[in-house]
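K.L.:
Taken in order, these protein sequences are the chains called A and B.
Oh and the first sequence: position 156 is 167 in our numbering, straight run, nothing missing.
Oh and the second sequence: position 150 is 152 in our numbering, straight run, nothing missing.
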Amino acid sequence: MKRLTDEQLAAKLQEGDHEAFGLIIDKYESAIVRYANRLVNDHDIAEDVAQEAFIKTYRDIQSFDTKRKFSSWLYRIAHNEAIDYIRKNKRIVGLDEAIEVASEIDLHKTAQKNLDKSGTKDKLEKAINKISSKYREAVILRFYEEKEYEEIAEILHVPIGTVGTYISRAKKELKEQLSDINIEDYL
Amino acid sequence: MTELKDKLMQKVEADEVKMRSRSFFVFTKAIVEVVLFALFILVIYLINLSIYLPKRGLGPVGGGFRWNMLVDVVPWNYLLIGALGLGIAFWILYRFTGTYKKHFLIVVTVISVLVLLASGILAFSNLNEKIENKQPLRGIYMMDRPGVGPRDGFGPGMRNLK
Chain A
12 MKRLTDEQLA
22 AKLQEGDHEA
32 FGLIIDKYES
42 AIVRYANRLV
52 NDHDIAEDVA
62 QEAFIKTYRD
72 IQSFDTKRKF
82 SSWLYRIAHN
92 EAIDYIRKNK
102 RIVGLDEAIE
112 VASEIDLHKT
122 AQKNLDKSGT
132 KDKLEKAINK
142 ISSKYREAVI
152 LRFYEEKEYE
162 EIAEILHVPI
172 GTVGTYISRA
182 KKELKEQLSD
192 INIEDYL
Chain B
3 MTELKDKLMQ
13 KVEADEVKMR
23 SRSFFVFTKA
33 IVEVVLFALF
43 ILVIYLINLS
53 IYLPKRGLGP
63 VGGGFRWNML
73 VDVVPWNYLL
83 IGALGLGIAF
93 WILYRFTGTY
103 KKHFLIVVTV
113 ISVLVLLASG
123 ILAFSNLNEK
133 IENKQPLRGI
143 YMMDRPGVGP
153 RDGFGPGMRN
163 LK
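#1: So, is the C-beta of Tyr102/B closer than 9 Å to a C-beta in chain A?
#2: Given Leu20/A, which residues of its chain have a CB within under 7 Å of its CB, disregarding the five upstream and five downstream residues?
#3: Can you list, in chain order, the residues of the region 54-80 of chain A whose Cβ is nearer than 8 Å to any Cβ on chain B?
#4: Closer than 7 Å, Cβ to any Cβ of chain A: which residues of the region 103-114 of chain B, in chain order?
#5: Is Asp17/A buried or exposed, if buried means 16 or more other CB atoms sit within 10 Å of its CB?
#6: Determine the DSSP secondary structure at Ala16/B, reduced to helix, strand or coil.
#7: Give every residue of the same chain whose Cβ lies closer than 7 Å to the Cβ of Ala85/B, excluding the five residues on either side of it in the sequence, and list them in chain order.
#8: So, helix, strand or coil for Leu10/B, using DSSP?
#9: Taking the alpha carbon of Arg22/B as the point to measure from, which residue in Ala22/A, Asp37/A, Arg70/A, Leu135/A has its own alpha carbon closest?
#10: Taking C-beta to C-beta, are Tyr177/A and Tyr146/A nearer than 9 Å?
#11: Mind checking if Ser23/B is an interface residue toward chain A, Cβ cutoff 9 Å exclusive?
#12: Classify Thr101/B: buried if its beta carbon has 16 or more other beta carbons within 10 angstroms, exposed otherwise.
#13: Among the candidates Pro56/B, Val115/B, Leu129/B, whose CA atom is the shortest distance from the CA of Trp69/B?
#14: Using 9 Å as the threshold, is the C-beta distance between Ile142/A and Tyr96/A below it?
#15: Closer than 8 Å by C-beta to Phe75/A: which residues in its own chain qualify, once you throw out the five before and the five after it? Chain order, please.
#16: Give the residues of chain A in contact with Thr4/B, contact being defined as C-beta atoms less than 7 Å apart.
#17: Strictly under 9 Å for the Cβ-Cβ distance: is Asp37/A near chain B by that measure?
#18: Say whether chain B places a C-beta atom closer than 9 Å to the C-beta of Phe32/A.
#19: Does any C-beta atom of chain A lie closer than 9 Å to the C-beta of Val73/B?
#20: Can you tell me the Cβ-Cβ gap for Ile88/A and Ala61/A, rounded? I've got them flagged as a contact below 8 Å.
#21: Hey, does Gly172/A have any beta-carbon neighbour from chain B nearer than 9 Å?
#22: In terms of alpha-carbon separation, which member of Tyr96/B, Thr30/B, Ala125/B, Lys132/B lies closest to Val169/A?
#23: If we call anything under 9 Å between Cβ atoms a contact, is Val19/B one with Ile66/A?
#24: With 8 Å as the limit, tell me which residues of the region 9-23 of chain B have their beta carbon closer than that to any beta carbon of chain E; keep them in chain order.
#25: Rounded to the nearest angstrom, how far is the Cβ of Pro77/B from that of Ser52/B, given a contact under 8 Å?
#26: Can you tell which of Leu81/B, Leu88/B, Gly59/B, Gly87/B has the C-alpha that lies nearest to the C-alpha of Val75/B?
#27: Would you kindly check if the distance between the Cβ of Leu135/A and the Cβ of Ile94/A is under 9 Å?
#28: Among Gly89/B, Leu139/B, Ile49/B, whose alpha-carbon lies nearest the alpha-carbon of Phe126/B?
#29: In chain B, which residues lie with their C-beta within 8 Å of the C-beta of Val169/A?
#30: Within 9 Å of any Cβ in chain B, is that where the Cβ of Gly27/A sits?
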């Protein structure tokens, strides 16, 4: 069973094979938690988001077309969950404020761990958290999750051309924020 | 087994999370398609009326065209409902179909042009004349007639009284 592709595993799950669901979780758990964490900036919340995403994956698996790419479908569900969480909690803690606090904490933690580094990566991460959310989502998927434009388009539900636009605009915004860093070396 | 996997597998084994059947998704998709089709038909018909009723109401204009006359004979309520229906149809298209793969503004523009074109063709065909005196559609076509619609004094009904 472990040799099966994601789409074959999804087909097995559609037939009611719970072992296939376990293998899907094994394969994607860390990636989905990491992706959610990048969007919500909180590891515990990211785990909740991932859990909800896997539950929805199981619940709605019959709607998945096995001719399509499973990982894009799963990331789309996780993306929606994370965005829903951010929207619902906007009233309690402003998104910008949450991002600011989370990135300050991240920056502090990372700075302590990587005293030998110049902090460029941290500056970059902080700057990424400050750019518009749609550009940030595209940058995260392209450069942290290493997704192709086609997959990003599927996940964000935008045309492929728009993904390119988002990424180039994100780079432009980052360049403006980080004039002392050559963005191209990192993204 | 990780904690998350453990939790999820327990929920699945305990049947706390239920898989939706394939027929549920087929049915949902069919509902969306039927609603969209019905909405577009309704919008085309209403815009057709918004062209046909003023055309019939004004008739062959003698003594020059007047904007205030046109404003008075346009069935604004039909036009408003049509625009609202079109807006809902676009929202359903965006939310529930794969139109996100195309630039949505282009989708909106193309569909709007097609809807206007279809409405125009319908308004200038003789379909409205054929059905306007038949029940239950008669009331829809009577809105500009004296004593029935809100705009007494305009339309062929008034002219017929003279």
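Using N, Cα and C, we set each Cβ at its ideal position, and we do this for glycine too.
Keep in mind the model is a prediction, meaning the values are calculated, not measured.
P.N.:
On the basis of the supplied data:
#1: For Tyr102/B, the answer is yes, since a Cβ of chain A falls inside 9 Å of its Cβ.
#2: Within its own chain, the residues whose Cβ lies closer than 7 Å to the Cβ of Leu20/A, once the five positions on either side in sequence are excluded, are Ala31, Leu34, Ile35, listed in chain order.
#3: Cβ contacts with chain B come from Glu58, Ala61, Gln62, Phe65, Ile66, Tyr69, Arg70, Asp71, Ile72, Gln73, Ser74.
#4: Near chain A, meaning a CB-to-CB distance below 7 Å, the residues of the region 103-114 of chain B are Lys103, Lys104, His105.
#5: Here Asp17/A is buried, its C-beta having at least 16 other C-beta atoms within 10 Å.
#6: Three-state result, Ala16/B: coil.
#7: Beyond the five residues adjoining it in sequence on each side, Ala85/B comes within less than 7 Å, by CB distance, of no other residue in the same chain.
#8: Reduced to three states, the DSSP call for Leu10/B is helix.
#9: Nearest C-alpha to Arg22/B: Arg70/A.
#10: Taking 9 Å as the Cβ cut-off, Tyr177/A and Tyr146/A qualify as a contacting pair.
#11: Closer than 9 Å to some Cβ of chain A, the Cβ of Ser23/B qualifies, so yes.
#12: Thr101/B comes out buried.
#13: Among Pro56/B, Val115/B, Leu129/B, the Cα nearest to that of Trp69/B belongs to Pro56/B.
#14: With contacts defined by Cβ atoms closer than 9 Å, Ile142/A and Tyr96/A do not form a contacting pair.
#15: Apart from sequence neighbours up to five positions away, the residues of its chain that approach Phe75/A with a beta-carbon distance below 8 Å are Ala21, Gln25, Phe81, Trp84, ordered along the chain.
#16: Going along chain A in sequence order, the residues near Thr4/B (Cβ under 7 Å) are Glu40.
#17: With 9 Å as the cut-off, Asp37/A counts as an interface residue toward chain B.
#18: Output row for Phe32/A: interface = yes.
#19: Not closer than 9 Å to any Cβ of chain A, the Cβ of Val73/B fails to qualify, so no.
#20: The C-beta distance from Ile88/A to Ala61/A rounds to 10 Å, too long to fall under 8 Å, and the pair is not in contact.
#21: For Gly172/A, the answer is yes, since a Cβ of chain B falls inside 9 Å of its Cβ.
#22: Checking every option, the nearest Cα to that of Val169/A belongs to Tyr96/B.
#23: Closer than 9 Å, so yes.
#24: Absent from the structure: chain E. Protein chains present are A and B.
#25: About 6 Å separates the two Cβ atoms, so the contact holds.
#26: Of the listed residues, the one whose Cα sits closest to Val75/B is Gly59/B.
#27: For Ile94/A and Leu135/A, no; Cβs fall outside 9 Å.
#28: Per the Cα distances, Ile49/B.
#29: Within chain B, the residues Tyr102 have their CB atoms less than 8 Å from the CB of Val169/A, given in chain order.
#30: Among the residues facing chain B, Gly27/A is included, as its CB has a counterpart in that chain under 9 Å away.
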